[in-house]
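Protein chains in written order, with the UniProt record's numbering: chain D, 1 to 386; chain B, 1 to 386; chain S, 1 to 386; chain Y, 1 to 386.
Protein chains: 4
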Amino acid sequence: MVSAAKETQSNAPLRLGMVGGGKDAFIGEVHRFAARLDGHYELVAGALSSTPQKSRESGEVLGLAQDRIYDDFHQMATEEAKRDDGIDAVAIVTPNHMHYPAAKAFLEQGINVICDKPLTSTIEDALELEKVANKSDALFILTHNYTGYPMARQAKEMVANGELGNIRLVQAEYVQDWLTVEETNKQADWRTDPARSGAGGSIGDIGTHAFNLACFVSGLEVESLAADLQSFVPGRRVDDNAHIMMRYAGGARGTLWCSQVAPGNENSLKLRIYGDKGGLEWCQEDPNYLWFTPFGEPKRLITRNGAGAGNAAARVSRIPGGHPEGYLEGFANIYSEAASAIRAKKYGTARPEATQFPGIKEGMQGMKFINACVSSSAENSKWVTL
Amino acid sequence: MVSAAKETQSNAPLRLGMVGGGKDAFIGEVHRFAARLDGHYELVAGALSSTPQKSRESGEVLGLAQDRIYDDFHQMATEEAKRDDGIDAVAIVTPNHMHYPAAKAFLEQGINVICDKPLTSTIEDALELEKVANKSDALFILTHNYTGYPMARQAKEMVANGELGNIRLVQAEYVQDWLTVEETNKQADWRTDPARSGAGGSIGDIGTHAFNLACFVSGLEVESLAADLQSFVPGRRVDDNAHIMMRYAGGARGTLWCSQVAPGNENSLKLRIYGDKGGLEWCQEDPNYLWFTPFGEPKRLITRNGAGAGNAAARVSRIPGGHPEGYLEGFANIYSEAASAIRAKKYGTARPEATQFPGIKEGMQGMKFINACVSSSAENSKWVTL
Amino acid sequence: MVSAAKETQSNAPLRLGMVGGGKDAFIGEVHRFAARLDGHYELVAGALSSTPQKSRESGEVLGLAQDRIYDDFHQMATEEAKRDDGIDAVAIVTPNHMHYPAAKAFLEQGINVICDKPLTSTIEDALELEKVANKSDALFILTHNYTGYPMARQAKEMVANGELGNIRLVQAEYVQDWLTVEETNKQADWRTDPARSGAGGSIGDIGTHAFNLACFVSGLEVESLAADLQSFVPGRRVDDNAHIMMRYAGGARGTLWCSQVAPGNENSLKLRIYGDKGGLEWCQEDPNYLWFTPFGEPKRLITRNGAGAGNAAARVSRIPGGHPEGYLEGFANIYSEAASAIRAKKYGTARPEATQFPGIKEGMQGMKFINACVSSSAENSKWVTL
Amino acid sequence: MVSAAKETQSNAPLRLGMVGGGKDAFIGEVHRFAARLDGHYELVAGALSSTPQKSRESGEVLGLAQDRIYDDFHQMATEEAKRDDGIDAVAIVTPNHMHYPAAKAFLEQGINVICDKPLTSTIEDALELEKVANKSDALFILTHNYTGYPMARQAKEMVANGELGNIRLVQAEYVQDWLTVEETNKQADWRTDPARSGAGGSIGDIGTHAFNLACFVSGLEVESLAADLQSFVPGRRVDDNAHIMMRYAGGARGTLWCSQVAPGNENSLKLRIYGDKGGLEWCQEDPNYLWFTPFGEPKRLITRNGAGAGNAAARVSRIPGGHPEGYLEGFANIYSEAASAIRAKKYGTARPEATQFPGIKEGMQGMKFINACVSSSAENSKWVTL
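So, in structure tokens, the structure goes:
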């Protein structure tokens, strides 16, 4: 695992701030679990809601000092930048449309940013953020958390090692059912509002995860896609289902299906990759298993930290095979990878070689994916270059 | 089950002939198992190979009388039609390009035809065969055998009963790996030769099954599709993989993926259907299970002849739940359904109401599917009407 | 597969008779499917019920000639023995207490017997039957049908080849739920009546199958056992659940759990075998899969007729991997093995070397198992030698 | 979840010390993850090894203040008890034989103890510890962590609510393979040394977990058992496999199989419970799923925080269904339950009603289980009262 034991300069936790993630937020709490699990962060500051009163209440519950509960993120960025004990990094866990202004505020103060996906709500914001991030010394980490799962790392390593041969097919799907009927809770509200979520509904919320994971594991880039988006639920303003055909650089082909209206699917992110020498199958809901079939041999079940698993998975595993790790551990791996990089920058040391996490580049690709899906679907599924 | 016990006129087996299905044939032997299992047929005549010598040898091994082993199917059709004890039906199990002439020969003699899929190798042949079949009194049964599985029947019944609500999504896939590398056996030879197989490779061989099953279970017709076909193996003259997006009448959408180059998949035909009230999932390799999720409730595992299974499945099941039935039993159900219809026609009785099997109509739809896939792919995945 | 094509003397089906198996019978119909599937038998005679009228009606439905529908099995044995075209074998599918007298009648006429399990209802009958069988020239086949499954053969072959090393553990279970509450149908009636079923309830009906399979696959004999039998349902006169610890010759240990009162289990026969080099797991409800783990390597999924399966399984498989075979095919393998042996005897040829089926020896072992369970449980689970 | 948000007196983390758990320790690191995940504890003191030098090095890596890294646990108990900011609780994660003296030292200082299982290495120590614990005001928590899994709580709740009816069968197994061959690492060393581990090998290390879980979920107590213990690996001084039949108060029966020599099993703890109205099945390696079959209805898959899951599971779940939680989350639930109780005691408030965790009572039952197994096996599997 990415353990404290490997840190050389200091074992003191990094100081973390948070924008968004107040009461009733889902993803903010996930980020806090992820930050806490490996002991690399201590949450010390926050602008936890766009409503100052709610931000204050949430901060108190989380045990933040009064003077580090902020009414808004601009104030927080400015004040924290002034402090000797200012935050080392900020987690941005707001609805999508706030990612850009919040990330900009901290990056411009030189504060490292850990931002939830997708990158922004519009491609224009994304391009601006890209500029800001490239100009800033601060790190930008995008929490495409599924790349933190040990067996996703294992799969990537096997593909890179040529165990599947030449990749021909990349089949990704991310299927849920929670928006099967009209929902009016906080989570559904902003996710189905184009002004806050962006042009993509399911493609932005979950499709980008599947897209990112497909590229991460296959090591390939998508060149073009043809999409057919649907909004099945009457009155819904964004897509709740999408069928996408994809052409990868180098000749591989694939599909991506994302849906939030398929009853019986909770959070079914699946990836299947096939080459001329073998195939791999992985499912997020059973994340400790990876199916591998060398062509012409029996299927093998590789388990996290079990027989057949290699270094890439072992590096981000905590406990022995048969002791399941889950979503929070995978998410924590992104945080711990980020901690390695942030500490290396802070203490002027070399970043451990194997450290990896998604950043601005992956964020931009995700935005291009969303845009291409929307464009293609608007033109009756024409192939669109990313 | 479709048992002999229900027959009223006569319990004597029907007399069956066979065209194709000699030594080394795969599907011919399957048809013979299917014909034999429920005791409804006795194989008495055959033109088992296009090579007379091989036909003769195969016929002897199968115990046919010398005078009913024929050198070619034309002779067989003529001679059998003359006999008092002539065959009641003929099974046509040749490569695709021979389906049309063989079926024509028997239909024109008034002999019932049980034909393997796809209907023919070309749309032209298909249109001609349609005419012949419509003109003939004889029955034409197409062995889309997967519709014979009890749980496929169960799924169809549940959809028809509204248990899924309004259907939104139909996701079908049929994935194999046996053509991952260049193959030169008999089975691969004709299936990858456009002259014998038709314009479709994987889409004809297995895609039509998935297409047929999707329509059968959903009760919906495909209006248009957009396809991206590939031939991954160098030198292959037909597609070995296809990605297809589909639009169904009434607003449902779906995808169909068929592949013969995905290592780790033996014969993985899967169907997933989702409506606004529930979802169903079925996989041919584990055919005794059907997953059903009423939206907002726990997933349920319905088993063949177990709790939760209804009449449509019980009617074509032989043994109690927990005692698995398989591919041959499903195939035999098509034969036994056909036997009901053939007997009703033979004895002038009413066909039992629930009897059903695929015929010319389903065959024509399959041919249109193949053609639409080829056309769409040739035009860069343009949406094509079926 | 054990196909007709391999027969040299004659391809004509063997003539089969049946005792028991009339209307509403479960296992009789199963035997008929099994006899029919591979085309090795034709049913021509029967004493299908202990009630002559019912026997007659059942025989007519099955299309038997009037003069070969018998009122009782004694008459049938005598008459069939006299005919030139008399039956080659008889299937005995009565309740357990009739196995002995019926088998005796046919064996003494030199007619081969295919008998359902357990051997008899009492150990006394079993010892008598053993004598009769040993004195007769006729073959005695006991349908421990689960040994007919290709993957059970595969498992046995792997154990015999040393792929598991020295066997340490044999864990067998056979779990059902259909007797969870008091049942009064025909199937339940005789199975819970000691006079017809024997001293064993679940241990006789299903425990013997698990016991037989454990010995078959492991190649080991049970030396002693300690049992705790229960009758959970009030008023039930035989056990409906049993926990058994077993000591095998050579030092292996194991358990056997059989139950008919475990809700959620339809027909869950499972076998897990572990040696010092590897482990195997198989479940009857998913019979086409065998899990194999060489110690220290990833688990492998061996499929029937798929990669990794050997000759023993291929010999009794009909169709390619991914095309599931089931209970009837496994049962039919016993019938087809028997046909090989019966034909060899009939035509004076050598029995094909690999032919195997359970017989008197396995039947006696099953009876000793039942008796030891009852004795042990009566003495508070004392270890009892078989 | 057992969240910080519910605390009223103070959100400050509790101060935690640790005995054992230095470099190369497995379970110590697990306890630290568990303590950290929900933010209820801060590790501030330790006697992390019986070797002072190693204790010191480990403490530094963990960022402990120099004056709170202790050479031995006696010193630690004394010194911490004196401090105003002394530890609120100590985690004892040593080999089994040190549980008693360490727990005694802290309990006698009034410091709450969180102790790994089994309770002690000998029944004598256990009885002494029971006295000490009962005399002390301090809390004693035993980390039978598997009772912390949400779906184990769900199962317990369903049994308690009568959804299974009257319980008849409790089948528990805990199967591993890591001791299949002789092992000489640190983990194997003390676990196979009776002086450090106690009289039980597999029965102490993992059998006690299965025993505890069976009692926890069923709500039943074991009255007597009959055991057959084995040491398959030559030279091994404790059991590495055990077969146990059990009789529960009230008439339920069960078996428990634990093994560390079954290749292909990583950490396969399974529980199956059957009553006269339904059955439940749960497996630790797939902990987010619980199978429930109401007798006569289809099997249902209940998921953590998904449809069908109740309050008991929701209370200890952190994230939505489909987002898997694992071993560390389950373990953390014990720590967070303990935190609720420790805070209630510390601040003089009422302990939240639903709070539950294993303690001395469960520890004593586990010791009696080990002793009964050893006694029974020594007397050829005689039934022994607990």
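Just so it is clear, CB atoms sit at the ideal spot from N, CA and C, and this is done for glycine as well.
Checking contacts by CB at 8 Å: is residue i closer than that to chain Y?
| i | result |
| --- | --- |
| residue 292 of chain D | no |
| residue 211 of chain D | no |
| residue 1 of chain S | Its pLDDT being 39, under 50, residue 1 of chain S is placed unreliably in this model, and the value from its coordinates should be taken loosely. By this cut-off, residue 1 of chain S is not an interface position. |
Using the Cα positions of residue i and residue j, report the straight-line distance between them to the nearest angstrom.
| i | j | result |
| --- | --- | --- |
| residue 373 of chain Y | residue 228 of chain S | 17 Å |
| residue 172 of chain B | residue 31 of chain D | 37 Å |
| residue 139 of chain D | residue 242 of chain B | 42 Å |
| residue 345 of chain Y | residue 130 of chain Y | 20 Å |
| residue 12 of chain S | residue 63 of chain B | 7 Å |
| residue 184 of chain D | residue 258 of chain D | 21 Å |
| residue 127 of chain D | residue 121 of chain D | 11 Å |
| residue 263 of chain D | residue 174 of chain D | 13 Å |
| residue 79 of chain Y | residue 134 of chain Y | 23 Å |
| residue 147 of chain B | residue 216 of chain B | 7 Å |
| residue 190 of chain D | residue 188 of chain S | 59 Å |
| residue 275 of chain S | residue 46 of chain D | 58 Å |
Under 8 Å, Cβ to Cβ, is there at least one residue of chain S near residue i?
| i | result |
| --- | --- |
| residue 377 of chain Y | no |
| residue 179 of chain Y | no |
| residue 5 of chain B | Unreliable positioning characterises residue 5 of chain B in this predicted model, as indicated by a pLDDT of 37, which lies under 50. The coordinate reading is nonetheless provided below. True, the Cβ-Cβ gap to chain S drops below 8 Å. |
| residue 296 of chain D | yes |
| residue 255 of chain Y | yes |
| residue 299 of chain D | yes |
For residue i, would you say it is in contact with chain B, using Cβ-to-Cβ distances shorter than 8 Å as the test?
| i | result |
| --- | --- |
| residue 8 of chain S | Any reading at residue 8 of chain S must be qualified, since the residue scores a pLDDT of 44, below 50, and its modelled position is unreliable; no value is offered. |
| residue 386 of chain Y | no |
| residue 94 of chain S | no |
| residue 11 of chain S | yes |
| residue 63 of chain S | yes |
Are the C-beta of residue i and some C-beta of chain D separated by less than 8 Å?
| i | result |
| --- | --- |
| residue 156 of chain S | no |
| residue 245 of chain B | yes |
| residue 344 of chain Y | no |
| residue 190 of chain B | no |
Name the chain S residues that come within less than 8 Å of residue i, Cβ to Cβ?
| i | result |
| --- | --- |
| residue 356 of chain Y | Neighbours of residue 356 of chain Y on chain S: none; closest Cβ ~27 Å, over 8 Å. |
| residue 159 of chain B | In chain order: nothing, as chain S lies at least about 23 Å away. |
Give the C-beta separation of residue i and residue j to the nearest angstrom, bearing in mind that I take them to be a contact with Cβ-Cβ under 8 Å.
| i | j | result |
| --- | --- | --- |
| residue 168 of chain S | residue 261 of chain Y | 6 Å |
| residue 152 of chain Y | residue 114 of chain Y | Rounded, the Cβ-Cβ distance is 19 Å, inconsistent with contact. |
| residue 144 of chain S | residue 212 of chain S | 4 Å |
| residue 14 of chain Y | residue 342 of chain Y | 6 Å |
Can you list the residues of chain D that residue i reaches, using a CB-CB cut of under 8 Å?
| i | result |
| --- | --- |
| residue 220 of chain B | Neighbours of residue 220 of chain B on chain D: none; closest Cβ ~15 Å, over 8 Å. |
Short-range partners of chain S found in the stretch 262 to 294 of chain D, where Cβ spacing is below 7 Å:
none
Positions along the stretch 222 to 236 of chain Y whose CB lies within less than 7 Å of some CB in chain S
226, 228, 230, 232
Listed from N- to C-terminal order along the chain, which residues in the stretch 308 to 328 of chain D have their beta-carbon within a distance smaller than 7 Å of any beta-carbon of chain S?
308
Interface positions of the stretch 32 to 61 of chain D facing chain Y (Cβ-Cβ less than 7 Å), listed along the chain
33, 36, 37, 39, 61
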